[in-house]
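Everything on this sheet refers to the single structure shown next.
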Amino acid sequence: MSKEYITPKLPYDYDALEPHIDKATMMIHHDKHHAAYTKKLNAALDGHEDMFEMSAEDILKDISKIPEDIRQAVVNNGGGHVNHALFWQVMGPDGGGQPKGELMSQIEKDFGSFEKFQQEFEEAAATQFGSGWAWLVKDGDNLKVQKTSNQDTPLSQGMKPILALDVWEHAYYLKYQNLRPDYIKAFWHVVNWDKVSELFNN
Ligand code: MN
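Take a look at the structure:
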């Protein structure tokens with residue numbers, strides 16, 4: 001049995017997030033960018049087969065345990081692998097609106113209101129300089145907004161990401177060109193809050 005990580009399939013069609021996120025972007029983003037991270041992660045771990053015993057998420061939770069000669073490659077490509085896997089899951093064709101139940105209560109508790117959370121998240125996504133991500137994370141019992149550079153994941157800082165927004169130019173440039181704020185606004189229409197709630201509750 002060959003050991004390797006696999007690029008997970010999109011949980012919906014390439015055009016399912018139209019018009020907010022276009023089909024061409026989804027095809028290139030998933031089939032080329034995400035697949036390349038997974039492939040390079042597998043390549044980085046060549047000769048370190050024992051690492052495949054762990055999930056890629058678990059590897060990234062303690063990067064000090066990654067052999068130093070491959071650490072940055074695993075952080076970059078393992079991060080790219082797991083970050084995109086989460087990103088696809090927290091979007092969907094029936095997305096948008098607001099969260100319900102315990103997740104909504106916790107957002108109101110930690111941010112004041114859903115609108116204030118949205119503002120903070122948008123700010124993080126818009127001000128991430130260069131390539132990176134904006135996140136809603138569970139940090140202990142609390143929710144926080146975070147941003148990271150490149151493919152760094154909040155998992156490596158002991159936090160659990162439950163919502164992710166890719167703000168690399170490859171995520172929006174075909175449709176939105178330089179208008180990252182428009183892409184960030186459009187994202188709210190495709191957020192799968194049921195999935196985010198599930199991640200929050202687990
Ligand atoms: Mn990406």
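The numbering of the sequence shown is the numbering used here, which starts it at 1 and goes up by one. A virtual CB, placed ideally from N, CA and C, is assigned to each residue, including glycine. As the structure is a computational prediction, the values presented were derived from the model and not from experiment.
Discussion item. Quick check: is any heavy atom of the ligand MN less than 8 Å from the C-beta of residue 187?
Written reply: In this structure, residue 187 has its beta carbon at no less than 8 Å from each heavy atom of the ligand MN.
Discussion item. Just to confirm my understanding: we take residue 87, look at its own chain, exclude 5 residues before and 5 after, and list those with CB closer than 6 Å. What are they?
Written reply: If we look at residue 87 and ignore the five residues flanking it on each side, its Cβ neighbours are 164, 166.
Practice prompt. Specify whether the region 145-154 and the region 116-128 touch according to this definition: at least 3 beta carbon pairs, one from each stretch, less than 8 Å apart.
Written response: Segments in contact, yes.
Worksheet entry | Straight-line gap, residue 74 to residue 108 (C-alpha atoms, nearest Å) | Distance between the alpha carbons of residue 74 and residue 108 is about 36 Å.
Practice prompt. Determine the burial state of residue 1: buried for a count of at least 16 other Cβ atoms within 10 Å of its Cβ, exposed for fewer.
Written response: With a pLDDT of 38 at residue 1, under the threshold of 50, the predicted position of this residue should be treated as unreliable, and no value is reported.
Discussion item. If I follow the unbroken beta strand (DSSP E) through residue 149, where does it start and stop?
Written reply: Start and end: 142-149.
Item to complete: Return the CA-CA distance between residue 194 and residue 25, expressed in angstroms with no decimal places.
Response: Cα to Cα, residue 194 sits roughly 24 Å from residue 25.
Discussion item. Classify residue 179: buried if its beta carbon has 16 or more other beta carbons within 10 angstroms, exposed otherwise.
Written reply: So residue 179 counts as exposed.
Worksheet item: So, helix, strand or coil for residue 160, using DSSP?
Response: Residue 160: strand per DSSP, three-state reduction.
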